[in-house]
Amino acid sequence: GKVNVNIVVVGCGIAGIAAAHRLVESGFTNIRILEATGRSGGRIKTGRLGDKVIEIGANWIHGPSEENPVFRFARQYGLLDPEALTPENQALDTGGHSLWVPNIFTSSGRKLDVKDVYPAHELFAELLNESSEFQNQKGEPCASVGDFIRSEVRQRVAEKWKDIDSATRSLRLCMISSMFKRECCINGSHSLDEMGLGAFGQYKILPGLDCTFPGGYEGLITNLMSELPDGLVSYNRPVRCVHWSNTTEKQNSVTVECEDGERIVADHVIVTVPLGYLKRHHSSLFQPPLPLHKLHSIQRFGFGTNNKIFVEFDAPWWDADCDVIQLVWEDEDAVVDQVPDVQRSWIKKLFGFTVVQPTERYGHLVCGWIAGHESEHMETLSEQEVMHAVTQLIRRFTGNPSITPRRILRSQWFHDPWTNGSYSHLATGCSEQDLKNMMEPLPLNESKARPLQVLFAGEATHLCYFSTVHGALLTGWREADRLISHYSSSNPSVRPTS
Ligand code: 6YU
Numbered sequence: 150g151k152v153n154v155n156i157v158v159v160g161c162g163i164a165g166i167a168a169a170h171r172l173v174e175s176g177f178t179n180i181r182i183l184e185a186t187g188r189s190g191g192r193i194k195t196g197r198l199g200d201k202v203i204e205i206g207a208n209w210i211h212g213p214s215e216e217n218p219v220f221r222f223a224r225q226y227g228l229l230d231p232e233a234l235t236p237e238n239q240a241l242d243t244g245g246h247s248l249w250v251p252n253i254f255t256s257s258g259r260k261l262d263v264k265d266v267y268p269a270h271e272l273f274a275e276l277l278n279e280s281s282e283f284q285n286q287k288g289e290p291c292a293s294v295g296d297f298i299r300s301e302v303r304q305r306v307a308e309k310w311k312d313i314d315s316a317t318r319s320l321r322l323c324m325i326s327s328m329f330k331r332e333c334c335i336n337g338s339h340s341l342d343e344m345g346l347g348a349f350g351q352y353k354i355l356p357g358l359d360c361t362f363p364g365g366y367e368g369l370i371t372n373l374m375s376e377l378p379d380g381l382v383s384y385n386r387p388v389r390c391v392h393w394s395n396t397t398e399k400q401n402s403v404t405v406e407c408e409d410g411e412r413i414v415a416d417h418v419i420v421t422v423p424l425g426y427l428k429r430h431h432s433s434l435f436q437p438p439l440p441l442h443k444l445h446s447i448q449r450f451g452f453g454t455n456n457k458i459f460v461e462f463d464a465p466w467w468d469a470d471c472d473v474i475q476l477v478w479e480d481e482d483a484v485v486d487q488v489p490d491v492q493r494s495w496i497k498k499l500f501g502f503t504v505v506q507p508t509e510r511y512g513h514l515v516c517g518w519i520a521g522h523e524s525e526h527m528e529t530l531s532e533q534e535v536m537h538a539v540t541q542l543i544r545r546f547t548g549n550p551s552i553t554p555r556r557i558l559r560s561q562w563f564h565d566p567w568t569n570g571s572y573s574h575l576a577t578g579c580s581e582q583d584l585k586n587m588m589e590p591l592p593l594n595e596s597k598a599r600p601l602q603v604l605f606a607g608e609a610t611h612l613c614y615f616s617t618v619h620g621a622l623l624t625g626w627r628e629a630d631r632l633i634s635h636y637s638s639s640n641p642s643v644r645p646t647s
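With the working numbering, you'll find the sequence shown wraps up at 647, consecutive numbering, no jumps.
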C-alpha cells in the first residue's frame with residue numbers, strides 16, 4: 150500500500166537515512182531529506198591520507214553482534230573482514246575492557262615495563278565499573294565520575310600500594326591521569342568532572358569485539374542510500390526554521406523554512422540535527438519555541454569534542470604487536486585530565502595513539518586522540534602547527550630526536566558548523582528523563598493540536614546507545630515506526646516493519 154503523507158527529514162546522517170529507509174520500505178512515498186552539506190553520512194565520514202582510507206568521524210562498530218543493526222547491514226552488504234563475522238568475535242564480551250596491547254612512554258623519554266603500571270590500569274578499570282553502579286541508587290556519593298574515581302584512588306592507593314616505593318606509586322598515578330584523558334575521548338567530554346555519576350550506567354555495551362570497515366564506514370551509507378529512490382535528498386539545503394503549532398486552531402501542516410527561503414509544507418518533520426547544533430540554534434530553529442522542559446534537557450545534556458590526529462611515519466617506533474601507545478606525563482600524579490594552560494600546553498591532553506591496523510593495509514599509521522577544550526583549541530591551529538607539536542611530543546616521549554612524521558591529518562568537529570562537537574554524554578545533573586524529553590514529539594500529548602508534527606531522532610536521543618552509530622540508526626527507525634503505527638491504525642495497508 151502507498152501512503153500519501155508528506156514527510157520531511159532534516160539531516161542526512163545515519164538517523165535520517167534509517168528513518169527514510171524504513172518509511173520507504175513501509176510504503177510512504179512522499180519523503181524528502183533536507184541536508185545542510187553537500188554529502189550524506191554526517192558524522193560517518195571517510196577520508197583519505199595519501200592512498201589510505203581513514204575515518205574522520207565514527208571509527209568502529211561498537212559491539213558487532215546479532216543485536217546490532219549496523220553489524221547486520223555491514224554483513225549483508227559484505228563490508229566486513231572475515232574475522233569480524235566469526236561467532237567467536239561476535240560472542241566476545243569484554244565488559245567494556247580493552248584487550249589492546251599497550252606501549253607506554255613517559256615525558257622523560259622512558260618506555261615503561263607494562264607490568265610496573267598494570268595495577269594502575271586495573272584499578273582504573275575497576276573504578277570505572279563501580280561508577281556504573283549508582284544507576285538505581287538514591288543519591289550519589291560524589292558530584293561526578295571524576296570526583297568519585299579520584300577520591301577512591303586516593304583511599305585505595307593508600308591501602309593497596311603502601312609498600313610500593315614512592316617513585317612507582319607516583320608513576321602509576323600519572324598513568325591514571327592518562328587513563329582519565331582516554332576516558333574523556335571515549336565519552337566525548339571535556340573532563341570526567343563533567344560526567345554525571347548517577348546516570349553513568351545508562352550507556353549499554355553490546356557483545357562483540359569492536360571492528361572497523363576495511364573500505365571505510367561510508368560504505369554503509371552508500372549501500373543504504375542506493376536502496377532509496379533517486380532525488381530523495383536535497384543537498385546544500387540547510388533548514389532555518391521549523392514552523393509547527395501547539396494550538397487547536399485549524400492548521401493542517403508544518404512548514405519547513407530553508408536558508409534559501411524555500412518553504413516546504415509537510416505533515417510531519419523528523420529532526421535529526423546533532424545535539425551540538427540544537428544547543429546553539431534551538432531558538433531560531435523552532436517557531437513557536439520548544440517547550441521549556443525539552444529545552445532544559447537539551448541544555449543539560451552533554452555534547453563535547455573528541456578529535457583525531459592521524460600521523461604517518463616511514464618506520465614504526467612502537468612494537469610490532471602494539472595496539473595502543475599511551476603517553477604518561479611524570480608531573481601528573483595529582484590525577485588530572487585538564488591542562489593548566491590550554492594555549493601553551495594543549496598537547497598534554499592527547500592521551501596517546503591507537504595503531505591503525507592491519508599494518509599491511511595502512512603502513513605505519515597511528516591515530517592520536519584528544520578531547521575537550523584543548524581539542525577545540527587544536528582545531529584553531531594550522532596543520533603545520535599541529536604537526537610541529539605532535540613531532541616534539543613524540544621526540545620527547547621516545548627520547549629519539551630524529552623521528553619525523555611523513556604527514557598528518559586531523560579532524561575539526563567542534564568547528565563543523567552543522568555538528569558543533571563530536572557526540573553526546575550524560576553530564577552532571579542529567580538523567581534518563583532528559584533523553585526521554587529530547588525524543589518526545591511535538592506537540593505534547595496533552596495538546597489537542599494535530600499530533601506528531603515534529604519528531605526527534607539522532608544519536609543523542611537513544612536511551613542506552615547514545616553517542617554511537619547503532620544508537621543513531623535505531624532512533625531513526627523508532628521515529629519512522631512511530632509514524633507507521635500512527636497511520637496503520639487508520640490505514641490497514643501500512644504495517645510497522647519491526
Ligand atoms: C560509533 C565509533 N566514534 C568519532 C568521532 C565522532 C563520532 N561516533 P549526524 O551528525 O551524523 O547527522 C546529522 C545531519 O544533520 C548532518 O549530516 C548535518 O549536516 C545535518 N544538519 C545539521 N544541521 C542541519 C540543518 N539546519 N539543516 C539540514 N541539515 C542539518 N560511533 O558507533 N563508533 O567509533 C564512533 C566517533 C570523531 C565525531 C563518533 C562513533 C559517533 C557517531 O558518529 C554518531 O553517533 C552518529 O554518526 C550520529 O548520527 P546522527 O544521524 O545522529 O547525526 C558510560 C559510558 C559511555 C560511553 N559512551 C561512549 C561510546 C563510544 C562512543 N564512541 C565514539 C567513538 C568514536 C571513536
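Quick reminder that beta carbons are idealized off the backbone N, C-alpha and C, glycines included. Every value quoted in this text rests on a predicted model; they were computed, and no experiment measured them.
| query | result |
| --- | --- |
| For His392, collect the residues of the same chain with a Cβ closer than 8 Å to its Cβ; drop the 5 residues on either side in sequence, then sort them by chain order. | Val403, Thr404, Val405, Glu406, Gln436 |
| Nearest-angstrom Cα distance between His635 and Ala269? | 53 Å |
| Where DSSP assigns a beta bridge to Pro251, which residues make up the other side? | Val473 |
| Closest by CA to Ser446, which one among His574, Ser531, His513? | His574 |
| Is Arg559 near the ligand 6YU, going by C-beta to nearest heavy atom under 7 Å? | no |
| Tell me, please, whether the region 418-431 touches the region 498-509 by the rule of three or more beta-carbon pairs shorter than 8 Å. | no |
| State the Cα-Cα distance for the pair His417 and Trp209, rounded to the nearest angstrom. | 33 Å |
| Mind checking whether Val154 and His619 have CB atoms under 8 Å apart? | no |
| Looking at Ser524 and Tyr572, is the spacing between their C-beta atoms short of 8 Å? | no |
| Do Val263 and Arg321 have their C-beta atoms closer together than 8 Å? | no |
| Nearest CA to the CA of Gly176: which residue from Asn252, Gly150, Lys201? | Gly150 |
| Identify the residues that DSSP records as bridge partners of Gly501: which are they? | Gln475, Trp518 |
| Any chance you could list the alpha helix (DSSP H) runs of at least 4 consecutive residues sitting entirely within the region 153-204, in chain order? | 163-174 |
| For Phe649, which of helix, strand or coil comes out of DSSP? | There is no way to answer for residue 649, as the model of the chain reaches only from 150 to 647. |
| For Glu184, verify whether its CB is less than 7 Å away from any heavy atom of the ligand 6YU. | yes |
| Between Arg429 and Asn569, which are expected to be in contact by the criterion C-beta below 8 Å, what is the C-beta distance as a whole number of angstroms? | 6 Å |
| To which residues does DSSP link Ser383 through a beta bridge? | Leu183 |
| Within 10 angstroms of its Cβ, does Leu591 collect 16 or more other Cβ (buried), or is it exposed? | buried |
| Identify the residues that DSSP records as bridge partners of Ala576: which are they? | Met344 |
| Let me know if Thr396 comes out buried or exposed under the rule of 16 or more other beta-carbons within 10 Å of its beta-carbon. | exposed |
| Give the single residue among Ala464, Cys334, Thr553 whose Cα lies nearest to the Cα of Phe452. | Cys334 |
| Which residue marks the beginning of the alpha helix (DSSP H) containing Ala629, and which one marks its end? | 618-637 |
| If we ignore side chains and look at the alpha-carbon of each, how far apart do Glu237 and Gln225 end up? | 19 Å |
| How about the region 550-559 and the region 530-540: do they share at least three Cβ pairs that are nearer than 8 Å? | yes |
| Just grab the DSSP bridge partners of Phe435 for me. | Val391 |
| Between which two residues does the beta strand (DSSP E) containing Cys407 stretch? | 403-407 |
| Measuring CA to CA, which of Ser432, Glu271, Ser315, Asp314 is closest to Cys390? | Ser432 |
| Would you list the one or two residues that DSSP bridges to Gly451? | His574 |
| Going by DSSP, name the residue or residues bridged to Phe605. | Val420 |
| Starting from Glu461, follow its DSSP beta bridges and name the residues at the other end. | Leu514, Arg556 |
| Please tell me whether Trp518 and Leu499 are closer than 8 Å, where the distance is taken between their beta carbons. | yes |
| What's the C-alpha gap between Asp480 and Asp490? | 14 Å |
| With distance defined between alpha-carbon atoms, name the residue in Pro290, Glu308, Asn336, Arg299 nearest to Cys323. | Arg299 |
| Specify the secondary structure class of Lys260 as computed by DSSP and reduced to three states. | strand |
| As a quick exercise: from Val382, Ala621, Ser638, Ile253, pick the residue whose alpha carbon is nearest that of Ala167. | Ala621 |
| On the criterion of 16 or more Cβ atoms from any shown chain inside 10 Å, does Asp379 qualify as buried, or is it exposed? | exposed |
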